[in-house]
Amino acid sequence: MTTGSTDARPTAEIADLDPSPTAPNHGRWHRWRWLRHEWTLAVLGGLALAVALTWPTLRHPASTIPGDLGDPTLQAWQLAWAGHAVRSDPSGLWDSNTFYPEKYTFAYSDTLLGYAPMSMLGSGFDAAVVRYNVMYVLLHALAFVGAYALVRQLGAGRWGGAVAGVAWAFAPWRLAHAGHLNILSSGGIALCLAMLARGHGWSLRSGYRPERRRPGWALAGWLVAAWQVSLGFGIGLPLVYGLLAAVLVAAGGYGWSWWRRERPPFGGRLLIADLAGGVVFGAVTLLLGLVYLRVVDLNPQAERTLDWTVMFSPPLIGFVTAPADSWLWGESHAAAREHLSWPPEMALLPGMTLLGLAGAGLFVSVYRVRYRVALGLGVLGTVLLGLGATLGDGDPGYLTLSRHLPGWDALRTPGRMMHWTSLLLAVLAAGLVTALAQELHRAPTRNRARRLTPLVLLVPLALVTLEGVNRTPHPVVPRPPAAMRTAPEPILVLPAGGVGDLVYMLWTADGFPRVTNGLAGFEPVTQARTRTEVASFPDPSSVAYLRGIGVRSVVALPGQATGTPWEGIADRPVDGLGITREELDGVLVYHL
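When you line the sequence shown up against my numbering, it's residues 31 to 622, in that order.
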């Protein structure tokens, strides 16, 4: 990918992008010069930063998991199930092996379906845990590359791109979502915007330049946007509506320009690319949306009320409060977090350095003034939306969108608008850093400021990097007992209910036996009834019920049953129930 206008770049930077063919040993170097190409370095740099700033994720990738043993284990199972289903039976993708005997269970939450190609690598429990950890690192690298590409296309220099990439991909607020792979998977947002801007020959520095249109990049941008939506609507839906609004504005401008000039503003190839890409993007969005609507039809209780949005709406102080997992700010912001009713969704600090750089970028930048004003208004607008119901009563505001935009009511956490706020802040910051780099570069060669340019520009880069350092816990993932591989399916695992069900879901990655267990944002009617009916298991009524719904075996974990209805289950007799019980390494298996 190339960037905006090269005529505005410093001469030295242009030379770096296009090494001279007259250099010594050119023939030999020509074969390897891709190693120092800007985008090779950007990708390698993003990978190195991702490994370092998510450490120790890759220290023990087969046994630990970042965050906690809740959502990460669910999402490790989701990745594993997608790969298994695509390989073995794509038609059964949505009817997963969990929540038996319910249907469309894979769509009970964001599916991360776009990662299916990666999910087809390896099989089993160990591969599922390793895969999750690798994806956790790679998605941070993609976020860096996406933001870097976006600000470069919009007119920022390399230093500005690096600062923006780090500031967006490793922002302090993201550390609160270490256990939410679907929320962290935002790299496609910035990358698709970069490609679309590139395809349409547009930047914040030079405006619209028809000679720079690239229909192929426009098509690629739509395809990446469709891929981003396939990861889930949690952060994909705002992208859908944002692109829809952009299309409507662009269509109006296209028609107006055609009417005024009696010719279209750009040729048929770009229009065809936009139409083709838009159709794919719309089709993916619509098909996935229909699946989720089917889930709501089958489970009316899955439809969330606006009370959830009110509960998760952050106060204004949340936007300058860091989560506990922030190495730099976590402890010092502990008092501020006490004012947040739910810190994981309300500690939204995009970075103190980023706030300062973006604020200065409103006044000093390589971008045109009107674009800086638009970026500033965008930051303000996304912050107001991010306040949710704490902005007055949220109407007009986030609750207005929830009432009138299809699907928006399912986005119960307004603070996740910080994706857009921090991206706009990163763009502003990149404009400032680029302006500073140019001023330093214009100094005479022997000038002290010119010689210190790299050190001066390293300061903002180092500061945003420092703010991204984590202290995220990495608990050990419990390994599946042998009984999970030998018990006949369908299986009920006890104790049932709660976060433990998420671990059980991951255990099923070894062969994917059907289990009644599962945990989502709502509870299916059959699951609630099953938990009630088996509270006294094993007894005649619970055995009869389980046989009636097709369950063939029960796997009980006595060591985890303390404080649950199944405490002391090992002492309950099975005589006269027509079932058998065996013990495998401290785990009880009941054959029904």
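Cβ coordinates follow ideal geometry from the N, Cα and C atoms, glycine included.
If you look at L576, you'll find it in the alpha helix (DSSP H) that goes 570–579. DSSP places V310 in the helix class (H, G or I) of the three-state scheme. By the criterion of at least three beta-carbon pairs nearer than 8 Å, the stretch 339–350 is not in contact with the stretch 486–497. Between T351 and L328, the C-beta spacing is not below 8 Å. Contact between A92 and V160 holds: CB atoms are separated by about 5 Å, below the 8 Å threshold. The C-alpha of F342 is placed about 33 Å away from the C-alpha of G461. With contact defined as three or more Cβ pairs closer than 8 Å, the stretch 530–547 and the stretch 125–139 are in contact.
By the Cβ test, the stretch 496–503 is not in contact with the stretch 267–286, since fewer than three Cβ pairs between them sit closer than 8 Å.
Excluding residues up to 5 positions away in sequence, L524, I599, L618 lie with their Cβ nearer than 6 Å to the Cβ of A586 in the same chain. The three-state secondary structure of N127, taken from DSSP, is coil.
Per DSSP, S583 is one residue of the beta strand (DSSP E) stretching across 583–586. Under a 10 Å Cβ-count criterion, R235 is classified as buried, with 16 or more other Cβ atoms of the shown protein chains found around its own Cβ. Taking W252 as reference, the option from V394, R334, R228, A78 with the minimal CA-CA separation is R228. Per the Cβ contact rule, the stretch 105–114 is in contact with the stretch 142–155 (3 or more Cβ pairs under 8 Å).
Taking C-beta separations shorter than 7 Å and ignoring five residues to either side along the sequence, the partners of E132 in its chain run P554, T556, following chain order.
T94 has V506 as its beta-bridge partners, per DSSP. DSSP places S362 in the coil class of the three-state scheme, outside both helix and strand. Residue pairing by DSSP puts S233 in a beta bridge opposite G237. For L524, the enclosing beta strand (DSSP E) begins and ends at 521–524. The residue from W596, Q590, L466, P102 with its alpha-carbon nearest to that of V564 is W596. Shown here, S356 sits in a strand according to DSSP, grouped into three states.
Looking at the DSSP output, V545 shares a beta bridge with I521.
Here Y575 is not near R324, since their CB atoms are 8 Å or more apart. The Cβ neighbour count for I95, taken over all protein chains shown within 10 Å, is at least 16; the residue is labelled buried. Between the stretch 414–423 and the stretch 248–267, the count of Cβ pairs shorter than 8 Å is below three; the stretches do not touch.
Looking at the DSSP output, T339 shares a beta bridge with no other residue.
The C-beta separation of A192 from Y178 comes to about 7 Å, placing the pair in contact by the 8 Å criterion.
When the Cα atoms are used, W357 and G386 turn out to be separated by approximately 20 Å.
A straight line joining the alpha-carbon of G437 with that of G266 spans about 11 Å. The beta carbon of G427 sits closer than 6 Å to those of L421, all from its chain and outside the five residues before and after it, given in chain order. Rounded to the nearest whole angstrom, the CA to CA distance from W69 to L549 is 41 Å.
Under the three-state reduction of DSSP output, N163 falls in the helix class.
Burial state of V457 is buried, judged by a 10 Å Cβ sphere holding 16 or more other Cβ atoms. By the 16-neighbour rule on beta-carbons within 10 angstroms, G606 is exposed. Partner residues in the beta bridge of E612, as assigned by DSSP, are V619. By the Cβ-count criterion, I213 is buried, with 16 or more other Cβ atoms from all chains shown falling within 10 Å of its own Cβ.
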